[in-house]
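Novice:
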Amino acid sequence: MKIKFNEEKINSSIKLISILLILLVIFLYLNHKFSFFIPCIFHKITGLWCPGCGITRMIISILKLNFYQAFRYNPLLFILTPFFIIYTITYYINWLQNKEFKLPKIIWNILLVIAIIFMILRNIKAFDFLAPTVI
11 MKIKFNEEKI NSSIKLISIL LILLVIFLYL NHKFSFFIPC IFHKITGLWC PGCGITRMII
71 SILKLNFYQA FRYNPLLFIL TPFFIIYTIT YYINWLQNKE FKLPKIIWNI LLVIAIIFMI
131 LRNIKAFDFL APTVI
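Read in order, the letters of the sequence shown correspond to residues 11 to 145 in our numbering.
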């Protein structure tokens, strides 16, 4: 059985991925040159760590192959990254084949509850090791 891919979607995907890669390279260069990070508005206003705090530094650490430091910046998202990558690839392949792919709502709800619990824990003194930490 031959798998049919939508040629138009493949071409538009290549263009989009190319643009995103160029933007990523520019961001990484500017970050390396000037050492800036995207601030978390939630943390700036409340002083609390949100579930996403540390993600930019985590991604940069992963790109530098410093996985332990990446884990220290955001343990939850570090652990979930392989699952998000697999989901994205699966979704993309189904999209190219004009098939629908959705995760059940229960999975998204579980992820939401985990993120809320993670946010609460990383703001409690006893669990301050969950806050973005430089080693």
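A virtual CB, placed ideally from N, CA and C, is assigned to each residue, including glycine.
Source: prediction; values computed, not measured.
Are three or more beta carbon pairs between the segment 121 to 132 and the segment 53 to 63 nearer than 8 Å?
Specialist: yes
Novice: Does DSSP put ASN119 in a helix, a strand or coil?
Specialist: helix
Novice: Please state if the CB of MET68 and the CB of PHE88 are separated by a distance shorter than 9 Å.
Specialist: yes
Novice: Can you have a look at ASN21 and say buried or exposed, based on whether 16 or more other CB atoms are within 10 angstroms of its CB?
Specialist: exposed
Novice: For PRO142 and ASN76, which I take to be in contact (beta-carbon distance under 8 Å), what is that distance rounded to the nearest angstrom?
Specialist: Their Cβ separation, rounded to whole angstroms, is 14 Å, which puts PRO142 and ASN76 out of contact at 8 Å.
Novice: So, helix, strand or coil for GLN107, using DSSP?
Specialist: In this structure, GLN107 counts as coil in the three-state DSSP scheme.
Novice: Nearest CA to the CA of LEU131: which residue from LYS12, LEU86 and TYR102?
Specialist: Nearest C-alpha to LEU131 among LYS12, LEU86 and TYR102: LEU86.
Novice: Tell me the DSSP secondary structure of ASN133 in three-state form.
Specialist: Here ASN133 carries a coil assignment [DSSP, helix/strand/coil].
Novice: Sorted by chain position, which residues of the same chain lie with C-beta nearer than 7 Å to THR66's C-beta, five sequence neighbours on each side aside?
Specialist: PHE47 and ILE48
Novice: In chain order, what are the residue ranges of uninterrupted alpha helix (DSSP H) at least 4 long that sit wholly in the segment 16 to 65?
Specialist: 17 to 44 and 51 to 56
Novice: Taking 7 Å as the limit between beta carbons, can you name the residues of its chain near ASN108, skipping five residues before and five after?
Specialist: ASN16
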